[in-house]
Amino acid sequence: MSEARLSLGERDDGPRITLAGPLDAAGAGAVWTKSIAAASKLRGRTLAVDISGISRCDTAGATLLLDMEAAGGGPLALIGATEEITALIARVRATRMPQPPPAKAPALTWRETIIHGLSAATEGIAFLGETAVALVMLPARMRMFRRQDLWTAADAAGVRAVPLVMLLGVLIGLILAFQSLIPMRRFGADIYVASLVAIGLVRELGPLLAAVILSGRSGSAFAAEIGTMKVNQEVDALTTMGLDPVTMLVLPRVLAGIAVMPALTIVLDFSGLLGMALVLVGDGIPLTAIGNQVAYWVQPSDFYGALAKSAVFGAAVAAIGCRAGLSTGVGPQAVGVSATAAVVGGIVGSIVLDGIFALIFFRLGI
Amino acid sequence: MDTPIIRGTGLAMRFGARTLFHDVDFTVDAGEVFVILGGSGCGKSTLLRILVGLQPPTAGRAELLGSDMYGSSQDIRTRIGVMFQSGALFGSMTLLENVMLPLEMHTDLPPAARASIARMKLGLVGLGDATRLKPAEISGGMAKRAAIARALALDPPLLFLDEPSAGLDPITSAGLDALILDLRRDLGTTFVVVTHELASILAIADRCIMLDKTAQGVIATGDPKQLGETSDNPTVRAFFRREVLMSEGKEQR
Chain A
15 MSEARLSLGE RDDGPRITLA GPLDAAGAGA VWTKSIAAAS KLRGRTLAVD
65 ISGISRCDTA GATLLLDMEA AGGGPLALIG ATEEITALIA RVRATRMPQP
115 PPAKAPALTW RETIIHGLSA ATEGIAFLGE TAVALVMLPA RMRMFRRQDL
165 WTAADAAGVR AVPLVMLLGV LIGLILAFQS LIPMRRFGAD IYVASLVAIG
215 LVRELGPLLA AVILSGRSGS AFAAEIGTMK VNQEVDALTT MGLDPVTMLV
265 LPRVLAGIAV MPALTIVLDF SGLLGMALVL VGDGIPLTAI GNQVAYWVQP
315 SDFYGALAKS AVFGAAVAAI GCRAGLSTGV GPQAVGVSAT AAVVGGIVGS
365 IVLDGIFALI FFRLGI
Chain B
4 MDTPIIRGTG LAMRFGARTL FHDVDFTVDA GEVFVILGGS GCGKSTLLRI
54 LVGLQPPTAG RAELLGSDMY GSSQDIRTRI GVMFQSGALF GSMTLLENVM
104 LPLEMHTDLP PAARASIARM KLGLVGLGDA TRLKPAEISG GMAKRAAIAR
154 ALALDPPLLF LDEPSAGLDP ITSAGLDALI LDLRRDLGTT FVVVTHELAS
204 ILAIADRCIM LDKTAQGVIA TGDPKQLGET SDNPTVRAFF RREVLMSEGK
254 EQR
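Here it is as structure tokens:
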């Protein structure tokens with residue numbers, strides 16, 4: 015494929031840039047940067063460009079010539095331009111608008127960052143308040159509450175998550191048991207691996223991992239569903255019909271989250287204990303001894319506390335997912351951004367809540 | 004003379020430092036087909052969102068059916084219908100369920116009566132045989148008809164249509180125009196239509212206001228059939244005559 019060629023020369027009347035070959039979209043690229051650089055070097059002097067040797071010129075070639083003119087800071091003195099090329103350059107010149115310098119996104123100051131953070135937190139709290147009000151008002155708005163949506167959300171977030179929760183539970187139990195067994199064996203305390211893993215699973219890991227799974231599977235799905243409805247103006251349609259989007263879209267999902275999370279936590283706990291038992295039985299510890307250890311060390315308060323915690327995680331993950339959906343903006347990336355925000359927000363929110371629960375349980379001596 | 008069904012007074016919308024429009028005043032009388040028109044980006048759809056209560060104006064007052072849209076109870080929402088540009092039908096429901104939804108939420112009608120009314124509304128827009136289809140299974144024109152049927156579910160006296168002809172072929176678009184005129188004649192519904200489709204405007208509009216991005220407000224009010232001839236504003240004349248508007252204000256065929 016032939017390309018344009020550039021040469022620089024000095025004549026009696028001053029410097030001259032000579033362009034030859036095809037000055038079109040296919041060929042001009044070869045000389046583009048050099049031509050602009052050459053024109054810049056001649057800034058302040060007459061910019062004579064000889065194009066008598068070019069075989070073809072299209073709008074790309076004309077654009078190059080005009081860019082050279084802009085780089086040279088003065089009008090081009092074109093040598094050998096045909097009528098067609100002169101007309102083409104004039105046509106391209108007419109379309110060129112003075113370009114404002116690209117607007118740089120101003121860097122956020124600390125103050126602005128804090129204000130943004132506080133504003134986001136305020137909006138989040140306002141949404142939680144709105145959801146709480148919708149929950150309180152539910153008896154008066156029962157006809158807006160779609161039970162079918164509740165069952166669908168509970169099925170998607172709960173029943174369909176069970177295989178994944180069981181798989182991850184067994185794996186976590188296996189891993190924890192393996193990791194604990196080696197150091198504990200040094201002290202002859204193999205049997206205490208059962209109580210160690212059981213307490214860790216029931217009190218902390220069970221609710222937290224279930225919340226992470228709920229966030230990844232369902233929080234993102236809630237955000238995507240509601241976000242798509244927002245993009246398709248379905249949420250606006252509800253509002254103009256006098257229907258409350260929080261009651262119709264958010265409450266069924268939040269209630270589903272509250273309902274399924276304790277169940278998922280129980281499934282994860284038992285799966286984890288099963289995984290742990292597989293390792294310990296393989297190590298020669300009798301199943302009865304493992305059961306006794308778990309029953310002795312895991313108190314009912316651990317179990318019930320974890321279930322209460324998981325219900326709150328469920329509400330938080332679902333509410334964060336729904337809020338991300340309702341906050342969906344415009345454009346092709348909007349739903350994806352909302353889904354990501356739902357997952358990240360759900361996980362972070364669950365961990366923050368877990369920290370608060372840890373503090374409360376510590377103060378209560380649970 | 005009757006009280007206007009809509010009265011917009013000094014409506015303004017600003018986004019930060021950017022003014023979309025300001026000082027927009029107009030009235031819509033009962034039984035009219037009133038068109039809000041203008042070029043892309045002039046604020047037509049935003050004005051519609053203000054009128055249907057989805058976005059408060061930066062300044063001014065929007066009165067619908069004698070009540071301030073932003074100071075009254077939610078009841079007013081049951082007295083207006085809105086058809087969004089995309090149709091905004093609920094994808095998980097059939098067309099019949101979509102139309103039944105407002106009846107289910109705002110009336111105590113038994114399910115059989117709701118279904119019967121919804122079928123009638125779908126029949127009214129020519130979709131009597133598509134009641135069991137879902138939005139994904141119908142064409143764009145059908146979706147807009149179904150959205151009109153849903154907006155008509157509660158027999159509102161006032162119906163807002165956002166770009167009803169957008170994305171439709173001329174025949175389907177003309178069919179939709181005829182439907183609007185039929186519904187106005189048969190039900191006495193007042194229509195506020197946002198569009199920039201000249202053929203539709205000339206076919207259906209009794210009166211219109213024209214918004215302009217450069218003027219940041221209303222540049223013409225009146226009968227669209229006459230505005231192209233009588234307006235002094237070059238943008239208005241260019242719009243109605245489908246002419247290229249030259250930057251210095253001259254027109255060119």
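Protein chains in written order, with my numbering: chain A, 15 to 380; chain B, 4 to 256. Every residue, glycine too, gets a C-beta built ideally from N, C-alpha and C.
Inter-residue CB distance, residue i and residue j (contact presumed, cutoff 8 Å)
{"i": "Ala135/A", "j": "Ala238/A", "result": "That pair is no contact at about 24 Å."}
{"i": "Pro266/A", "j": "Arg160/A", "result": "6 Å"}
{"i": "Asp165/B", "j": "Leu51/B", "result": "5 Å"}
{"i": "Lys216/B", "j": "Gly42/B", "result": "6 Å"}
Euclidean distance between Cα positions of residue i and residue j
{"i": "Gly183/A", "j": "Ser89/B", "result": "44 Å"}
{"i": "Leu92/A", "j": "Val106/A", "result": "15 Å"}
{"i": "Leu269/A", "j": "Met275/A", "result": "10 Å"}
{"i": "Val349/A", "j": "Leu301/A", "result": "49 Å"}
{"i": "Gly438/A", "j": "Gly339/A", "result": "Since the first and last residues shown for chain A are 15 and 380, residue 438/A lies out of range."}
{"i": "Asn306/A", "j": "Ile299/A", "result": "12 Å"}
{"i": "Met290/A", "j": "Arg199/A", "result": "15 Å"}
{"i": "Ala85/A", "j": "Gly335/A", "result": "52 Å"}
{"i": "Asp226/B", "j": "Leu33/A", "result": "60 Å"}
{"i": "Ala372/A", "j": "Ser48/B", "result": "50 Å"}
{"i": "Met158/A", "j": "Met108/B", "result": "6 Å"}
{"i": "Ala329/A", "j": "Arg377/A", "result": "24 Å"}
{"i": "Ser66/A", "j": "Leu214/B", "result": "51 Å"}
{"i": "Ser341/A", "j": "Phe141/A", "result": "11 Å"}
{"i": "Phe309/B", "j": "Pro173/B", "result": "Any property of residue 309/B remains undetermined from this structure, which presents chain B solely from 4 to 256."}
{"i": "Ala149/B", "j": "Thr198/B", "result": "19 Å"}
{"i": "Leu112/B", "j": "Leu106/B", "result": "7 Å"}
{"i": "Gln255/B", "j": "Arg153/B", "result": "Confidence in Gln255/B is poor, its pLDDT being 42 and thus under 50, which makes the residue's placement unreliable; the coordinate value appears in the next sentence. Cα-Cα distance, rounded: 44 Å."}
{"i": "Gly131/A", "j": "Glu137/A", "result": "10 Å"}
{"i": "Gln229/B", "j": "Gly13/B", "result": "25 Å"}
{"i": "Met4/B", "j": "Phe37/B", "result": "The predicted model places Met4/B with a pLDDT of 49, which falls under 50 and marks its position as unreliable; any figure quoted below should be read in that light. The straight-line gap from Cα to Cα measures roughly 18 Å."}
{"i": "Leu130/B", "j": "Ala206/B", "result": "23 Å"}
For residue i, the three-state DSSP class (helix, strand or coil)
{"i": "His199/B", "result": "coil"}
{"i": "Cys211/B", "result": "strand"}
{"i": "Ala338/A", "result": "helix"}
{"i": "Arg107/A", "result": "helix"}
{"i": "Ser3/A", "result": "Residue 3/A falls outside the range modelled here, since chain A spans only 15 to 380, and no answer is possible."}
{"i": "Leu186/B", "result": "helix"}
{"i": "Ala149/B", "result": "helix"}
{"i": "Leu92/A", "result": "strand"}
{"i": "Ile39/B", "result": "strand"}
{"i": "Phe201/A", "result": "coil"}
{"i": "Asp28/B", "result": "strand"}
{"i": "Arg245/B", "result": "coil"}
{"i": "Ile53/B", "result": "helix"}
{"i": "Ile9/B", "result": "strand"}
{"i": "Phe159/A", "result": "coil"}
{"i": "Ile83/B", "result": "strand"}
{"i": "Leu61/A", "result": "strand"}
{"i": "Ser364/A", "result": "helix"}
{"i": "Asp71/B", "result": "strand"}
{"i": "Met91/B", "result": "Going by the sequence as given, residue 91/B is Ala instead of Met. Three-state result, Ala91/B: coil."}
{"i": "Val221/B", "result": "strand"}
{"i": "Ala353/A", "result": "helix"}
Three Cβ pairs or more, each shorter than 8 Å: is that satisfied between the stretch 164-177 of chain B and the stretch 93-112 of chain B?
no
Would the stretch 348-363 of chain A count as touching the stretch 224-234 of chain A if we require 3 or more Cβ pairs under 8 Å?
yes
Does the stretch 184-194 of chain B touch the stretch 220-235 of chain B, meaning 3 or more C-beta pairs lie closer than 8 Å?
no
The stretch 112-132 of chain B in contact with the stretch 47-63 of chain B per 3-pair CB rule at 8 Å
no
Count the C-beta pairs between the stretch 187-203 of chain A and the stretch 239-246 of chain A that are closer than 8 Å, then say yes if the count reaches three, no if not.
Verdict: no, contact absent.
Taking any Cβ of chain B, which residues in the stretch 230-261 of chain A have a Cβ under 7 Å from it, in chain order?
Asn246, Gln247, Glu248, Asp250, Ala251, Thr253, Thr254, Met255, Gly256 and Leu257
When Cβ atoms are compared, which residues of the stretch 151-165 of chain A fall closer than 7 Å to chain B?
Arg157 and Met158
Determine which residues of the stretch 62-84 of chain B have a Cβ less than 9 Å from any Cβ of chain A, and write them out in chain order.
Listed by position, the residues of the stretch 62-84 of chain B near chain A (Cβ gap below 9 Å) are Gln77, Asp78, Ile79, Arg80, Thr81, Ile83 and Gly84.
Quick one: which residues of the stretch 94-115 of chain B get their C-beta closer than 8 Å to a C-beta of chain A? List them in chain order.
Result list: Gly94, Leu104, Pro105, Glu107, Met108 and His109.
For the stretch 214-228 of chain A and the stretch 173-190 of chain A, state whether three or more C-beta atom pairs, one from each stretch, are separated by less than 8 Å.
yes
Got a sec: which bits of the stretch 30-63 of chain B sit with their beta carbon under 9 Å from any beta carbon on chain A, in order along the chain?
Arg52, Val55, Gly56 and Leu57
Would you call the stretch 161-168 of chain A and the stretch 246-259 of chain A in contact, with 3 or more CB pairs under 8 Å?
no
Determine contact between the stretch 77-85 of chain B and the stretch 25-40 of chain B, defined as no fewer than three beta-carbon pairs at a distance below 8 Å.
no
Cβ pair count under 8 Å reaching 3, the stretch 120-133 of chain B against the stretch 277-289 of chain A
no
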